[in-house]
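See structure below.
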Amino acid sequence: MTHLFSEDGRMVPVTVIQAGPVYVTQIKTQDNDGYTAVQVGFGEAKESKLTFPKYGHLKKAGLTKNLRTLKEFRMDSVDGLTLGQEINAGIFAEGEVITVTGVSKGKGFQGGVKRYHFKGQHMTHGYMTHRRPLSSGATGPQRVFKGIRKPGRMGTDTITQKGLKVVKVDVERNLVLVDGSVPGPNGAQVTINKVAR
1 MTHLFSEDGR MVPVTVIQAG PVYVTQIKTQ DNDGYTAVQV GFGEAKESKL TFPKYGHLKK
61 AGLTKNLRTL KEFRMDSVDG LTLGQEINAG IFAEGEVITV TGVSKGKGFQ GGVKRYHFKG
121 QHMTHGYMTH RRPLSSGATG PQRVFKGIRK PGRMGTDTIT QKGLKVVKVD VERNLVLVDG
181 SVPGPNGAQV TINKVAR
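In terms of UniProt numbering, the sequence shown has 174 at position 174, counting the first letter as 1, and numbering is strictly consecutive.
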C-alpha cells in the first residue's frame with residue numbers, strides 16, 4: 001500500500017493494482033454456449049510451461065502471447081469485443097465503485113486465540129493452560145458437532161471486498177489505485193469487478 005493526498009489535503013491510503021493488459025481469448029454467446037460471457041487471459045508465461053490444450057486455445061484466438069492465467073466473466077452483452085482484443089486499465093474511471101476478490105494471506109496452523117479471537121485463560125492464579133481451547137461440547141452427545149471452532153489452518157480464504165472506490169487510473173502503466181486495502185499478499189492475483197454488489 002501507499003498513499004496519495006486529495007485536493008483538500010487529506011491523506012488517502014491506496015492499493016496499487018496492475019490492471020492489465022488482458023486479452024480476449026474466448027467469447028461465449030447465448031446461442032452457442034447457453035450464456036453470455038467473455039474469457040480473458042493475462043500474465044506472461046514461457047511456452048514450455050503451457051499445456052497443449054491451452055497453447056492451442058490461445059492460437060485459436062489469434063494470440064501470439066503465452067498467457068498464464070485465464071478468467072471468465074459473465075456479461076449481459078459482448079458487443080464490441082473481438083478475439084485477441086487488448087483491454088487495459090482505461091475501462092476504469094476515477095470515482096467508480098468496484099468489487100475486488102482475492103485470496104487472503106495464509107497464516108499457517110493457528111490456535112483458537114488468534115484464529116477465532118478467543119479470550120484465553122488467566123496468566124496467573126494457578127491456571128495451567130493460558131491459550132488452549134478447553135471444552136468441545138457436552139458429555140451427552142459423545143461427539144464433537146460440526147462447526148466447533150478449533151485450532152487449524154488460518155487464511156487462504158477467498159475474500160470479496162465490496163464498495164472500493166477508484167482513486168486514480170494510470171492508463172500508460174495500466175495501474176489502478178484503489179482506496180483502502182485488498183485481500184492477499186503483495187503480488188497476489190485479484191479480480192476486479194465493475195459491479196459493486
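Using N, Cα and C, we set each Cβ at its ideal position, and we do this for glycine too. The structure presented is a predicted model; accordingly, all values stated were derived computationally and were not measured.
If you draw a straight line from the C-alpha of residue i to the C-alpha of residue j, how long is it?
i, j, result
"I148", "K107", "20 Å"
"N186", "Y127", "41 Å"
"K46", "Y55", "11 Å"
"V144", "G120", "20 Å"
"V190", "V24", "18 Å"
"F73", "T2", "29 Å"
"A61", "G84", "6 Å"
"residue 205", "S181", "Residue coverage of the chain in this structure runs from 1 to 197, which leaves residue 205 outside it and unanswerable."
"P53", "D8", "53 Å"
"T99", "K71", "16 Å"
"H125", "K150", "25 Å"
"L81", "L63", "15 Å"
Quick one: residues in its chain with C-beta nearer than 7 Å to the C-beta of residue i, no 5 flanking neighbours on either side, listed in chain order?
i, result
"N88", "G20, P21, V171, N174"
"M75", "T36, A37, V38"
Relative to the C-alpha of residue i, which candidate in the options has its C-alpha closest?
i, options, result
"V166", "D179, M123, M154", "D179"
"K49", "G56, Q39, K162, N66", "N66"
"R131", "F92, Q110, T64", "Q110"
"T69", "T51, V14, K28", "T51"
"F118", "A188, P133, S104, K105", "P133"
"V16", "L177, S77, G152, I159", "L177"
"T101", "R10, K28, Q161", "Q161"
"D79", "R115, K105, T29, E86", "T29"
"R153", "E44, V113, L63", "V113"
"I27", "T129, L58, H125", "L58"
Which class does residue i belong to by DSSP, given the choice of helix, strand or coil?
i, result
"Q110", "strand"
"Y127", "coil"
"P13", "strand"
"F118", "coil"
"I159", "strand"
Tell me whether residue i is buried or exposed, calling it buried when 16 or more other Cβ atoms sit within 10 Å of its Cβ.
i, result
"V97", "exposed"
"Y35", "exposed"
"L164", "buried"
"F42", "buried"
"G140", "exposed"
Leaving out the 5 sequence neighbours to the left and right, which residues in its chain are closer than 8 Å to residue i when beta-carbon positions are compared?
i, result
"I91", "K194"
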